[in-house]
Amino acid sequence: MPPRTRRAASPKIVIERDENSEESSSDEEVEDEQNGVVYESEEDEVDEPIEDIKSREKKPITISLKKFCKVCKKAGHQAGFQGATYIDCPMKPCFLCKLPGHTTMNCPHRVATEHGVIPAPRKSTRHSVDYIFERQLRPHVPAIKPGFLIPDQVTRAVIRYHSRRVTCLEFHPTNNNILLSGDKKGQLGVWDYDKVYEKRVYTNIHSCLLNTMRFSSVNDGTIFGASSDGTISCTDLETGISESLMNLNPNGWHGPSSWRMLYGLDINSEKGLVLVADNFGYMYMLDKRTKDKIREAVLIHKKGSKVVGLHCNPIQPDLLLSCGNDHFARLWDLRHLEAGSSLGNLAHRRVVNSAYFSPHTGSKILTTAQDNRIRVWDSIYGNMESPSREIVHSHDFNRHLTAFRAEWDPKDSSESLAVIGRYISENYNGVALHPIDFIDVSTGQLVAEVIDPNITTISPVNKLHPRDDVLASGSSRSLFIWRPKDKAEDVQQNDEKKTIVFCGKTDSKRKKKFGGESDESDDESFKSKGKMSKTKSSASKKVKR
DNA sequence: AGCCTATGCAGCC
DNA sequence: TGGCTGCCCTAGGC
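All residue numbers for the first sequence refer to our numbering, where the first residue is 5 and numbers rise by one.
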């Protein structure tokens, strides 16, 4: 090892000794070009003037600062952002596909035009050679199905609408411009995004996470919600008055081992049932009207594991799909429902964030799992042993983010378009942005990635409008409405300006960023109406072909 | 600008 | 099975 001197490349920091803190004047020795702290134990002592042990006792302790990887703590490389590009730690498996031997940068699933989305082999019939052919052929395959209209321009936004991160979104089933949003605090937002300032937040429905919202097909004036507070709510959208259909924690808090939380929720309209599932593996069935429990709770996933999603088949409502933390999505017949009586068990390698039947025929299944893969089963009537496709896509689990869920486009009659937010960022002209991806799940192709230069946060919650070409996305505490570029321009021509509404305490820097007027009154959203500048808003991007 | 933290899952024993 | 620990691209508040 080469000898080191005090003023070598590794900078050093000096810590004062306790016993004589006033004697050490270390200021001039502190250097702040720091990439991390590495102690220089024995070597450091060799550097010390050994002859003066007595004075050394009074000398400050010296710690050298040198470059090391914040991920694996080893020297010689560094993980983290370099500008707007994130450099992976080479000692870790790929952050995208989770396989060792390469990093995200050179992951075979991340080719230039596709940004990490590629169909995985169908069972074991293909191997790596197939990928190579696939990558060579891919650019020649026409990419965009003519029918897809991608909402890629932000036309409306409420910045910091919620006081905590958005957890779920739902469009009103009949009123085209109403978007419902739930947040981590359990609050429910009702926003008319055409009259952007018409927005309300109901704060007293739940006490924590509003995990899922669903409309009843009979009465579209009320919405059902499942919350981590263990209750089901039924809320009148006009008044905000809510009644509780069920409370799993009637005796209050007795520690986390007994506190029940509700995650998955769906409505079986045919039978007038509300189905909910909890974090202990159980599902509950209630009569929507009388609020009576139809039967005892049924264990539908591994005991003690969280059931995060429930979905009734749109064609055969008795067919139920559930998914959860036991790494399975499961199919059930509601008419013969018992623990262990599932019709099918779809194995995943990690927690399944969501599982949905396709919106029209109900014959396909789309799941999102925490192993960074979207899976598609092309027919529930066929072989369910393994998915028809696995699509590698970055949507990592992060405890601070709402779980990512791939959502069908309800307007796509071919049942192939899905939307999902992306976790890892891409460098867009020097800015790290997290796009929202549109994926053709019949081929695994990335149809479009949409970004807005002003949205620098991750957008895990996305919902496509049932009738209009509109995407709603929830990113941190804010909501965004996207429309296809042409339509967005129509909106502008109609003098309905692109409108950003600021809520809560919003600093002027952020307002500037979003192009809001420099209204400094902090906490009132209604005043600071601003339109985005053309240059900013036009930076939204589709995939290069 | 830079700390702090809420918080879910997996892997380990 | 249970309890602990650690965590790779967070976001906002102080």
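Cβ coordinates follow ideal geometry from the N, Cα and C atoms, glycine included. Note that the structure is predicted; figures quoted are calculated from it, not measured.
Rounded to the nearest whole angstrom, the CA to CA distance from Ala83 to Thr108 is 12 angstroms. Under DSSP, Ser479 shares a beta bridge with Ser482. Membership of Gly193 in the beta strand (DSSP E) is indicated by the continuous run Leu192 to Asp196. Between the alpha carbons of Lys502 and Val162 lies a gap of roughly 12 angstroms. When the beta-carbon positions are compared, Cys212 and Val465 stay at least 8 angstroms from each other.
If the five residues before and after Tyr385 are omitted, its C-beta is found closer than 7 angstroms to the C-beta atoms of Ser367, all from its own chain and listed in chain order. DSSP places Trp336 inside the beta strand (DSSP E), whose first and last residues are Phe332 to Asp337. Annotation: Ser261 to Phe72 spans about 40 angstroms, alpha carbon to alpha carbon.
Residue pairing of Met250 in beta bridges, as defined by DSSP: Ile236. The segment 431-442 makes no contact with the segment 373-390, as fewer than three CB pairs between them are under 8 angstroms.
Just so you know, the alpha carbons of Ser232 and Gln449 end up roughly 35 angstroms apart. DSSP places Phe152 in no beta strand (DSSP E); its state is neither H nor E. The beta carbon of Pro439 lies closer than 7 angstroms to those of Arg426, Glu430, Glu453, Val454 and Ile455 in the same chain, with the five residues before and after it left out. Using a Cβ distance threshold of 8 angstroms, Arg164 and Val200 do not count as a contacting pair.
Under a 10 Å Cβ-count criterion, Arg471 is classified as exposed, with fewer than 16 other Cβ atoms of the shown protein chains found around its own Cβ.
Counting every other CB atom within 10 Å of its CB across the protein chains shown gives Asp337 a total below 16, marking it as exposed. If the five residues before and after Asp375 are omitted, its C-beta is found closer than 8 angstroms to the C-beta atoms of Lys102, His352, Arg353 and Arg354, all from its own chain and listed in chain order. Listed as beta-bridge partners of Tyr432 by DSSP are Val435. Shown here, Asp322 sits in coil according to DSSP, grouped into three states, outside any helix or strand. Less than 8 angstroms divides the Cβ of Val280 from the Cβ of Ile236. In this structure, the straight-line span from the alpha carbon of Ile182 to that of Cys327 is close to 28 angstroms. Just measuring C-alpha positions, the residue of Thr371, Ser417, Ile428 and His113 sitting nearest His399 is Ile428.
The beta carbon of Leu347 sits closer than 7 angstroms to those of Leu335, Trp336 and Asp337, all from its chain and outside the five residues before and after it, given in chain order.
Between Phe175 and His469 the beta-carbon gap is near 5 angstroms, inside 8 angstroms, which marks them as a contact. Shown here, Met217 sits in a strand according to DSSP, grouped into three states. With fewer than 16 other Cβ atoms from the protein chains shown falling within 10 Å of its own Cβ, Trp257 counts as exposed. Going by beta carbons, Lys292 and Gly276 fall inside the 8 angstroms limit.
Take the alpha-carbon of Ser383 and the one of Val312: they are about 23 angstroms apart. Judged by beta-carbon spacing, Gly259 lies beyond the 8 angstroms limit of Phe284, meaning their Cβ atoms are not closer than that value. Inter-residue distance for Glu419 and Asp322 is about 21 angstroms (C-alpha atoms, whole angstroms). Per DSSP, Cys76 lies in no beta strand (DSSP E) and is assigned neither H nor E.
Ile424 is the residue among Lys203, Ile424, Ile504 and Met265 whose C-alpha sits nearest the C-alpha of Ile443. Ile395: member of the beta strand (DSSP E) spanning Arg393 to Val396, first to last residue.
When Asn272, Met250, Asn255 and Glu274 are compared, the shortest CA-CA separation from Leu266 is found for Met250.
Judged by beta-carbon spacing, Ala373 lies within the 8 angstroms limit of Asn357, meaning their Cβ atoms are closer than that value. Taking the C-beta atoms as reference points, Met217 is found no nearer than 8 angstroms to Gly190.
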